[in-house]
Each structure stands twice: as C-alpha cells, then as structure tokens.
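All residue numbers for the sequence shown refer to our numbering, where the first residue is 4 and numbers rise by one. Since the structure comes first, as structure tokens, the remarks are kept for the end.
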Amino acid sequence: MQVDTLILGAGAAGMMCAAHAGGRVLVVDHAKAPGEKIRISGGGRCNFTNMHCAPHAFLSANPHFCKSALAGYTQWDFIDLIDQHGIAWHEKTLGQLFCDDSARQIVEMLTGLIRKAGAELWLKTEIAQVAQTPEGFTARLIRDGDTVTVKARNLVLATGGKSIPKMGATGLAYDLARQFGLPVTETRPALVPFTFPDGRFAALAGVSQPVRTTTQDGTSFDEALLFTHRGLSGPAILQSSSYWREGEEITVNLTPTPLLETLRTQRQSGGRHALKTELARHLPARLAEYLATELSLSGNLADQSDKALAALCTQLENWSLRPSGTEGYRTAEVTLGGIDTSALSSKTMAAKTLPGLYVIGEAVDVTGWLGGYNFQWAWSSAMAAAKSI
Ligand code: FDA
4 MQVDTLILGA GAAGMMCAAH AGGRVLVVDH AKAPGEKIRI SGGGRCNFTN
54 MHCAPHAFLS ANPHFCKSAL AGYTQWDFID LIDQHGIAWH EKTLGQLFCD
104 DSARQIVEML TGLIRKAGAE LWLKTEIAQV AQTPEGFTAR LIRDGDTVTV
154 KARNLVLATG GKSIPKMGAT GLAYDLARQF GLPVTETRPA LVPFTFPDGR
204 FAALAGVSQP VRTTTQDGTS FDEALLFTHR GLSGPAILQS SSYWREGEEI
254 TVNLTPTPLL ETLRTQRQSG GRHALKTELA RHLPARLAEY LATELSLSGN
304 LADQSDKALA ALCTQLENWS LRPSGTEGYR TAEVTLGGID TSALSSKTMA
354 AKTLPGLYVI GEAVDVTGWL GGYNFQWAWS SAMAAAKSI
C-alpha cells in the first residue's frame with residue numbers, strides 16, 4: 004500500500020496532523036481506540052488548552068524551540084475549531100479550558116475531521132518495523148494478524164512519551180528517532196506526585212492546602228498541595244516535579260498570605276487557646292495538628308513572644324522537604340525530555356537531516372506546565388507539520 008503520509012500514533016498530535024495534512028494519509032495506532040489520553044484527561048472533560056499559553060510555560064533544552072509552532076497555531080485557533088464544532092467549554096481556573104460535557108467530544112471532533120479529510124485510521128495495528136527507502140519510508144504493520152507493508156513519502160512520529168504504559172505508552176518514537184540518527188535527550192517522568200519514605204504524610208492523606216512551592220532552581224507555583232498516603236500531590240506539586248531532580252529539596256510555603264500580623268491580632272482576642280487551635284483557623288485542622296508535633300509547638304498563643312511568632316511564620320513559609328522520589332511513569336502525566344529539538348525545524352517539525360521525517364507532540368523535547376499546555380503543544384506542533392506536509 005502506498006500513501007503520501009504515514010502517521011504513527013493516533014493520539015492528540017497524530018489525529019490533529021492526520022486531519023490537516025492533506026493528500027493520502029494513513030494514521031495507525033496499537034490501541035483499540037484513538038485519543039485515549041484525551042478521553043481520560045481533565046477528569047473526563049479534557050483541559051484542552053490554556054488561555055495564557057505562551058512559551059514561558061514550556062520546558063525544553065531549547066526554550067525558544069516551541070515559539071514558532073505555538074505562534075503558528077494558537078490556543079485561540081483551537082478554541083475557534085471547537086466552537087465551529089459546537090463544543091461548549093468553560094474556564095475552570097488559571098486560564099484552563101475544559102469541555103462542559105465530555106472529553107469524548109474532542110476525540111469525536113478529531114475522528115470526524117480525519118474522516119472528512121479522507122484520511123484512514125487503523126487501530127489495533129502493531130508497528131513491526133520502519134525503514135528508510137530512496138523514495139521515503141516503508142513500514143511493516145501487523146493488522147488483524149496480517150502483515151501489511153506501507154510505503155510513504157512522509158513519516159510522522161506521533162507516538163507520544165512513556166507516561167502511563169498501562170494506557171499503551173511506549174518509547175517507540177525515541178527508538179525510531181535513534182534509528183534515524185536523531186539524538187534523544189534524557190527522559191524523566193514529569194507532572195508526577197512525589198513519594199516520601201515511611202508513610203510520612205499518611206495521617207494527612209486527603210488534606211489539601213493552597214501553597215507556594217519552590218524548587219531549587221527558584222521556580223515557584225501558587226496552587227493547591229494534596230497530601231497522599233505515599234507522599235505529596237496536587238497541582239503545585241505536579242508542576243514542581245518538572246523542575247525537581249533526585250536528591251533535591253523543595254520548599255513549601257504553607258501560608259502564601261503572610262500570617263504574622265493576623266496571629267498577633269488573634270493573640271489579643273483568642274490568646275488563651277492552644278497555638279495549634281489558633282493555627283487551625285488558617286490551616287486544615289489535621290495539618291495544624293501534624294505541624295504542632297513536627298515543629299514542637301506547645302502552649303497557648305498568648306505564651307508566644309513576637310519573636311517566637313515570627314520564627315513560627317518563617318517555618319511555615321519555608322517548609323523544606325526532600326522527596327525520596329516520584330511515582331514514576333505509572334502516574335506521570337507527561338514525559339520530560341525527548342527527541343532533541345536541535346535535530347528538528349521549529350517551523351515544520353521536520354528532521355533537519357532526513358527529508359520527509361517529522362516528529363510532533365510529546366515525543367519532542369518540549370513539555371508544558373499542567374493546565375492544558377501539553378495538549379496545546381500537541382495541536383500546535385501537529386499543525387506546524389501538517390502545513391509543511
Ligand atoms: P499521545 O500519548 O496522546 O498519543 C500517542 C499515541 O501513540 C497513543 O494513541 C498510543 O496508543 C500510540 N502509541 C504509542 N506507542 C505505540 C506503538 N508502539 N505502536 C503503536 N501506537 C503507539 N494534557 C493537557 O494539556 N491537559 C490535560 O487535561 C491533560 N490531562 C492528562 C491526564 C492524564 C492522566 C495523562 C496521562 C496526561 C494528560 N495530559 C494532559 C497530557 C496529554 O495527554 C499529552 O501531553 C498528550 O496526549 C500528548 O499527545 P501525543 O499525541 O503526543 O501523545
């Protein structure tokens with residue numbers, strides 16, 4: 004079988020590219036259904052983009068690489084697309100846009116666009132071998148037990164990263180990139196909870212608190228922290244995990260709104276209450292209880308000098324924690340690192356040394372913050388390739 008463009012991976016980026024590339028397009032995936040991560044994302048409502056999407060929200064060895072694709076197809080372009088398809092949406096927080104009804108609407112929109120473009124979608128298809136030929140590429144695919152050889156002028160790697168192997172994630176894009184001589188940067192799980200030894204926070208599991216987290220490189224996030232049986236999660240922690248390295252500490256400011264003056268005022272009215280009881284007016288009771296033990300807080304609020312209160316506030320604002328690790332690819336939302344951007348054109352996502360080869364989506368060493376940025380990268384990088392094809 005001969006096609007113009009063979010796209011490996013029918014996830015967010017692969018489907019977007021298949022819908023817009025033009026010519027004879029085949030997109031293949033080993034999963035039973037396309038866009039599985041879209042379907043489960045955002046609690047089933049898909050946080051499909053972010054109104055504040057801009058290059059500063061992306062990590063990469065080359066922070067400038069994402070600029071061209073993001074500018075060429077913006078969050079507003081994707082919003083226009085879903086508006087045209089009558090998909091209702093809302094902003095939840097921090098510019099994060101979600102479907103009102105279901106993430107399935109995004110998957111259905113993309114499969115509909117693929118059908119309309121006349122592109123073919125093969126599911127439950129194993130990619131056995133891919134090779135370069137003088138005319139382009141050839142792939143040996145296994146479909147319904149049959150081996151099919153597909154020849155293509157263009158080959159698009161869109162099989163994503165390694166996060167959540169249970170959902171079908173594999174390192175295929177990295178393996179193929181290496182096979183074609185493209186460098187791959189170190190990959191790590193990102194947007195992932197931290198683990199701590201000995202059930203350190205087990206007693207706090209389920210407690211949530213708005214905090215400011217700061218990693219050793221100075222990057223801060225103001226969002227919620229969630230204590231879990233195994234450690235720490237919640238948006239602030241997931242964001243920080245992308246900037247954290249093994250062995251490093253993170254600093255958690257448990258009271259981003261300064262507390263000193265408030266505690267001083269409280270001392271006048273409720274000074275006879277235990278310090279931890281008064282703290283529980285600003286922190287969840289279980290957390291106040293935990294901190295009372297951890298920081299050896301005793302006595303009533305009235306017993307605390309200005310100096311002692313100032314020292315306590317400094318401790319609450321600078322809680323240093325050293326995670327033992329992360330939950331890994333099992334639960335990570337994305338893979339940090341990937342196919343080295345130095346080998347790709349930022350305008351087209353084409354490999355500089357191999358005409359006809361493109362890499363899009365999470366497989367590329369471009370990783371967004373939590374909050375719709377990663378899907379926007381999938382849409383934007385896919386459109387950059389599609390326009391060039
Ligand atoms: P994606 O992973 O979507 O697609 C890759 C496709 O390739 C899959 O269909 C897979 O089956 C296929 N494939 C892989 N290996 C293969 C092989 N060897 N052979 C054949 N096919 C193969 N982002 C965001 O912006 N907002 C959000 O709300 C969320 N929420 C979220 C929740 C959860 C639980 C996860 C795990 C991730 C998110 N993300 C997110 C991240 C987002 O899902 C991710 O960045 C994009 O799906 C990446 O799109 P890609 O198309 O590059 O890969």
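Ideal placement from N, C-alpha and C gives every residue a C-beta, glycine not left out. Since this is a predicted model, take the numbers as computed values, not measurements.
Just to confirm the assignment, what range does the alpha helix (DSSP H) spanning CYS69 have? That run of the alpha helix (DSSP H) goes 69 to 75.
Where does ALA431 sit, in a helix, a strand or coil, going by DSSP? With the chain covering only 4 through 392, there is no way to say anything about residue 431.
Classification of ARG233 by the beta-carbon crowding that lies within 10 angstroms, buried from 16 upward: Buried, since its Cβ has 16 or more Cβ neighbours within 10 Å.
Taking the continuous alpha helix (DSSP H) assigned at ARG118, which residues delimit it? Note, ARG118: alpha helix (DSSP H), 107 to 119.
From GLN269, GLU320, GLU39, LEU304, pick the residue whose C-alpha is nearest to that of LEU278; which is it? Minimum Cα distance to LEU278 is reached at LEU304.
For ligand 1, is there a heavy atom less than 7 Å away from the beta-carbon of GLU336? For ligand 1, at least one heavy atom lies less than 7 Å from the Cβ of GLU336.
Considering only DSSP beta bridges, list what SER391 is partnered with. Beta-bridge pairing by DSSP links SER391 to no other residue.
When DSSP labels each residue in this structure, what does PRO186 get in the three-state scheme? Coil, per DSSP.
Please state whether the Cβ-Cβ distance between SER211 and LEU228 is less than 8 Å. Cβ atoms of SER211 and LEU228: closer than 8 Å.
Give the DSSP bridge partners of GLY328, in chain order. The beta-bridge partner set that DSSP reports for GLY328 consists of THR198.
heavy atom of ligand 1 below 7 Å from LYS40 C-beta: Yes - ligand 1 has a heavy atom lying nearer than 7 Å to the Cβ of LYS40.
So which of GLN379, GLY89, LYS127, GLY46 has the shortest CA-CA distance to GLY148? Minimum Cα distance to GLY148 is reached at LYS127.
Alpha helix (DSSP H) containing TRP79: first to last residue? 78 to 87 is the span of the alpha helix (DSSP H), which, as asked, contains TRP79.
Just to check, is the beta-carbon of GLU365 closer than 7 Å to a non-hydrogen atom of ligand 1? Answer for GLU365: yes, Cβ within range of ligand 1.
From ARG118, TRP380, ALA205, ARG215, residue whose alpha carbon lies closest to that of PHE230: Selected option, being the one with the closest Cα: ALA205.
Helix, strand or coil, according to DSSP, for PHE378 in the structure here? The answer is helix: DSSP assigns PHE378 an H, G or I state.
Is the beta carbon of THR329 less than 8 Å from the beta carbon of PRO196? Yes. Within cutoff.
For GLU336, the nearest candidate out of LEU11, GLY163, GLY17 (CA to CA): When each option's Cα is compared against that of GLU336, the closest is GLY163.
With DSSP as the reference, label GLY234 as helix, strand or coil. In this structure, GLY234 counts as strand in the three-state DSSP scheme.
Looking only at its own chain, which residues have a Cβ that is under 6 Å from the Cβ of ASN65, when we skip the five neighbours before and after it? Scanning its chain for C-beta atoms nearer than 6 Å, with the 5 sequence neighbours on each side dropped, one finds around ASN65 the residues THR344, in chain order.
GLU297 beta carbon less than 8 Å from that of THR258: Between THR258 and GLU297, the gap from beta carbon to beta carbon reaches 8 Å or more.
How many angstroms separate the CA atom of MET18 from the CA atom of TRP372? When rounded, the distance between both Cα atoms is 22 Å.
Pairwise C-alpha distance: ILE117 and LYS169: Straight-line Cα distance between these residues: approximately 26 Å.
Where THR334 and GLU365 are concerned, what is the direct C-alpha to C-alpha distance, given to the nearest angstrom? Cα to Cα, the separation comes out at about 16 Å.
Residues of its chain near GLU129, where Cβ-Cβ distance is below 6 Å and the 5 sequence neighbours each way are ignored: Excluding residues within five positions, the ones whose Cβ falls inside 6 Å are HIS33, ILE145.
PHE81 CB to nearest heavy atom of ligand 1 below 7 Å: No - ligand 1 has no heavy atom lying nearer than 7 Å to the Cβ of PHE81.
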